[in-house]
Each structure stands twice: as C-alpha cells, then as structure tokens.
Amino acid sequence: MQVRKWMTRSVVTIGPQDSLSRARHLLEEHRIDQLPVVVEGKLVGLLTLRDLQNAFESVCEVAGRSPGAGPFGQLTVDAVMTPHVLTVQPDDSILYAAHLLRRERIGCLPVVEGSRLVGIITRRDLLFAFMQSFEAGSGKNSAPEAEPYAEAPRV
Numbered sequence: 007m008q009v010r011k012w013m014t015r016s017v018v019t020i021g022p023q024d025s026l027s028r029a030r031h032l033l034e035e036h037r038i039d040q041l042p043v044v045v046e047g048k049l050v051g052l053l054t055l056r057d058l059q060n061a062f063e064s065v066c067e068v069a070g071r072s073p074g075a076g077p078f079g080q081l082t083v084d085a086v087m088t089p090h091v092l093t094v095q096p097d098d099s100i101l102y103a104a105h106l107l108r109r110e111r112i113g114c115l116p117v118v119e120g121s122r123l124v125g126i127i128t129r130r131d132l133l134f135a136f137m138q139s140f141e142a143g144s145g146k147n148s149a150p151e152a153e154p155y156a157e158a159p160r161v
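The numbering of the sequence shown is my numbering, which starts it at 7 and goes up by one.
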C-alpha cells in the first residue's frame with residue numbers, strides 16, 4: 007500500500023512569518039497537532055503543538071510572568087518551527103512511513119514531490135490504513151468488541 011492512498015491531501019498550512027497566535031488558532035480550529043510551514047507551496051518546515059507549547063513556556067520563563075502574559079503573540083512561526091523535516095513521497099509504502107514515525111518518535115510526515123507539499127500522513131492515517139488492511143484480510147467488517155477489564159480488588 008502506498009502513502010498516496012492514505013495521505014490527507016487538503017493540508018492546513020501556515021507561513022513562516024505568521025504569528026504563533028495564528029498558528030495556535032489554526033491548530034485549535036482544525037483540531038490538529040501539526041502545521042506544515044510553506045512558502046509558495048514548498049515545504050520549509052513543520053510547526054507542532056509541542057513546539058508551540060515549548061515556545062509559550064520559554065516566553066513565560068524569560069518574561070518572568072504568568073501564562074498569558076508576554077510577547078508570545080509577537081513571535082513568528084520561523085522562530086520555533088523545525089526547519090529540516092523528514093518527509094515521504096506519495097509512492098513510498100505506508101510500512102516505510104510507519105517505521106519512520108516509530109523510529110523518530112514523530113506524529114506526522116509531510117508528503118512531498120520534490121519540495122512541493124502534496125499531502126501529509128499522520129499516525130492516525132496509518133492506524134486507519136492498518137485497520138482497513140487487517141479487516142480486509144480477516145474478512146471482518148468491523149472491529150472486534152473489546153473485552154472488559156477485570157476489576158482489581160480494592161485495598
């Protein structure tokens with residue numbers, strides 16, 4: 007199975023000069039954990055929710071203020087984004103993508119053709135792909151029912 011079959015094609019992106027406040031808004035609005043950073047369609051970096059959280063904590067520490075204060079909204083994406091991003095191509099296998107995600111402990115891989123962003127594949131996308139593959143191979147149309155947890159004795 008190839009990445010192109012399972013990747014998300016309509017990717018929410020941000021520019022390197024956009025504010026971190028705008029980035030936070032996009033992450034919340036679209037309920038996502040990462041934003042590819044693009045300039046004229048070309049991938050130049052990746053901003054994750056964790057990058058944003060770390061930047062917020064750093065600004066608060068430097069400013070010596072409580073959360074919510076300080077110049078957080080004045081910072082731009084390029085100040086905290088990851089500039090060198092692991093990527094995959096549409097024809098790469100999803101197994102290869104899964105190995106990269108696991109080995110590097112990351113949540114997504116931008117999908118590029120050359121340097122042009124054409125999609126993104128996330129852990130959620132891969133989980134869905136593997137579930138579909140498993141169900142197709144086992145002849146089942148739905149996930150098995152989970153066994154209830156045994157109650158632990160109270161101490």
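C-beta: ideal position from N, C-alpha, C; glycine also.
Self-check item: Where GLY51 falls, given that 16 or more other Cβ within 10 Å makes a residue buried
Solution: Buried.
query: How many angstroms separate the CA atom of SER25 from the CA atom of THR82?
result: 4 Å
If you measure between the beta carbons of GLN40 and ASP98, is that distance less than 8 Å? no
How many angstroms separate the CA atom of LEU132 from the CA atom of ALA104?
7 Å
Requested in this report: State the start and end residues of the unbroken alpha helix (DSSP H) segment that holds ARG28.
Outcome: Going by DSSP, ARG28 is part of the alpha helix (DSSP H) stretching over 26-36.
By a C-beta neighbour count over all protein chains shown, 10 Å radius and 16 as the cutoff for buried, is ARG30 buried or exposed? Counting Cβ neighbours within 10 Å, ARG30 comes out buried, since at least 16 surround it.
For the putative contact between ALA117 and VAL94, defined by C-beta atoms under 8 Å, what is the C-beta separation to the nearest angstrom? The question names Ala, yet the displayed sequence has Val at residue 117. Their Cβ separation, rounded to whole angstroms, is 6 Å, which keeps VAL117 and VAL94 in contact under 8 Å.
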